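Residue numbers (this note's numbering): 55 to 543.
We put the beta carbon where it would ideally sit given N, CA and C, even for glycine.
Quantities reported herein were computed from a predicted structural model and do not represent experimental measurements.
Here's the structure we're looking at; comments come further down.
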């Protein structure tokens with residue numbers, strides 16, 4: 055791939071977004087599905103798999119797959135499908151890598167471009183135009199993996215079975231037309247991008263599940279009172295399929311809502327669906343029922359069980375028409391009553407003491423190195439600022455650098471007092487993991503108190519955000535930075 059190829063925007067690299075048998079090297083395998091984009095309650099779109107007969111498909115059920123030629127015929131002639139999908143299986147030699155949101159202003163992120171060069175195999179632009187799919191010949195030692203906030207800011211996924219990729223046929227310029235054997239490179243990339251088991255997510259769902267410990271009647275009552283309660287009642291209570299292209303889509307829509315309310319509990323979804331007005335003879339088919347529930351759970355990005363108590367209270371207050379008096383929380387303070395105070399600096403002129411500071415720059419411009427150098431000086435009491443001559447403790451949460459061969463050598467080279475430097479990890483069962491914000495802010499606060507830290511380094515911030523936080527949305531980031539600021543005070 056040349057430098058010119060890297061900078062070419064997706065729309066220039068994809069003049070034809072319909073796959074052709076000549077352009078897709080895996081077209082000879084009968085492992086194809088069709089898909090339709092179905093809106094979720096959170097405003098995002100789920101790509102739901104379908105058979106060539108417009109029935110729900112599944113990446114785990116070969117009876118729902120078809121040939122490339124048949125899938126393409128349906129896509130081109132029947133009008134209901136939005137695209138094609140290829141299923142990875144244990145019996146084929148293929149592995150798929152998904153680099154999501156890797157184009158910045160139409161230019162491929164430099165880091166992803168380097169990975170594409172190393173993989174040197176068939177690569178195409180995703181149907182959304184925002185990412186790249188690479189297909190290679192390789193196998194993973196375990197299940198597929200999914201991480202959020204990869205080094206380029208988007209998600210990274212890699213699978214070799216029990217998953218399907220949407221296929222555009224829009225080959226990325228400068229990449230081979232063939233699928234090449236790349237086992238060694240895949241092993242290297244997994245080591246680089248997936249350094250810890252706890253940083254990955256199960257392919258079965260991208261959302262965290264928490265048990266919903268309330269009765270079925272209570273759960274259905276909350277669903278009916280919720281923001282989308284009218285839509286839920288139309289499906290569950292009245293069996294209203296209007297607005298859906300098929301009975302299968304209506305079934306899936308209700309199952310997706312039930313998946314949210316039950317925290318992805320397959321047995322409870324089935325139990326509740328059988329109480330609905332939509333239940334029919336088709337639901338008695340094991341294959342149809344299991345596929346519908348599987349797709350519904352896969353399509354959930356969040357579940358009711360997360361922050362259940364707060365959600366229940368909000369739903370009840372809204373349903374009962376309760377609203378707080380908007381004047382209750384107004385506080386007006388004359389500026390004359392405010393006492394002016396000089397800024398106290400952790401690092402003179404750069405890092406205020408008792409505040410959150412962001413180090414921002416291009417990859418490779420030594421942001422981390424600068425942070426660790428200043429941390430080392432703070433530990434020795436030599437950092438210019440309000441704590442000069444006061445050796446202070448530091449706490450580091452790093453998702454990129456290992457404490458053994460990166461953090462300690464860096465701090466030693468900078469002359470740090472290692473007894474004043476600590477590395478933060480959280481126990482997760484038998485393993486350890488990076489702190490996840492904002493969910494684990496209480497643990498962070500406790501860790502700071504125990505370490506008596508005056509400086510906390512979170513490096514990089516995006517790698518410590520939960521999957522529900524979109525690092526590209528200002529309001530999402532504020533939900534993390536605002537409570538961090540309160541901890542810093």
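Counted within 10 angstroms of its Cβ, other Cβ atoms place residue i as buried (16 or more) or exposed
i	result
residue 126	buried
residue 251	Any reading at residue 251 must be qualified, since the residue scores a pLDDT of 45, below 50, and its modelled position is unreliable; the value itself is stated next. That one is exposed.
residue 425	buried
residue 340	exposed
residue 316	buried
residue 85	buried
residue 225	buried
residue 117	exposed
residue 491	buried
residue 319	buried
residue 448	buried
residue 404	exposed
residue 61	Note that residue 61 scores 35 on pLDDT, short of 50, meaning its location in the model is unreliable and no value can be drawn from it.
residue 235	exposed
Nearest-angstrom Cα separation, counted from residue j out to residue i
i	j	result
residue 273	residue 486	34 angstroms
residue 453	residue 416	18 angstroms
residue 181	residue 244	24 angstroms
residue 532	residue 409	14 angstroms
residue 301	residue 111	14 angstroms
residue 294	residue 500	51 angstroms
residue 177	residue 162	13 angstroms
residue 524	residue 290	32 angstroms
residue 200	residue 88	23 angstroms
residue 334	residue 516	46 angstroms
residue 150	residue 189	5 angstroms
residue 504	residue 423	25 angstroms
residue 467	residue 509	19 angstroms
residue 418	residue 412	16 angstroms
residue 502	residue 102	44 angstroms
residue 278	residue 414	45 angstroms
residue 198	residue 387	56 angstroms
residue 389	residue 397	18 angstroms
Cβ shell of residue i (< 6 angstroms), same chain only, five flanking positions each side left out
i	result
residue 82	none
residue 202	209, 521
residue 450	477, 511
residue 92	100, 102
residue 261	For residue 261, the predicted model reports a pLDDT of 48, less than 50, meaning its position is unreliable and no value from the coordinates is stated.
Bridge-paired residues (DSSP) for residue i
i	result
residue 510	449
residue 476	449
residue 150	189, 213
residue 386	Residue 386 is not bridged to any residue.
residue 406	399
residue 487	480
residue 1	Not covered by the structure: residue 1. The range shown for the chain is 55 to 543.
residue 221	138
residue 157	162
residue 199	212
Same chain, Cβ closer than 7 angstroms to residue i, five either side skipped, listed in chain order
i	result
residue 445	433, 434, 435, 471, 474
residue 437	401, 428, 431
residue 309	323, 327, 346, 347, 350
residue 124	106
Neighbourhood of residue i by C-beta distance below 8 angstroms, restricted to the same chain and skipping five residues each side
i	result
residue 528	none
residue 497	480, 489
residue 155	184, 185, 206, 207, 208, 209, 526
residue 232	79, 175, 176
residue 534	491, 492, 515, 519, 523
(message) Any contact between the stretch 213-222 and the stretch 141-148? By contact I mean 3 or more CB pairs, one from each, below 8 angstroms.
(response) yes
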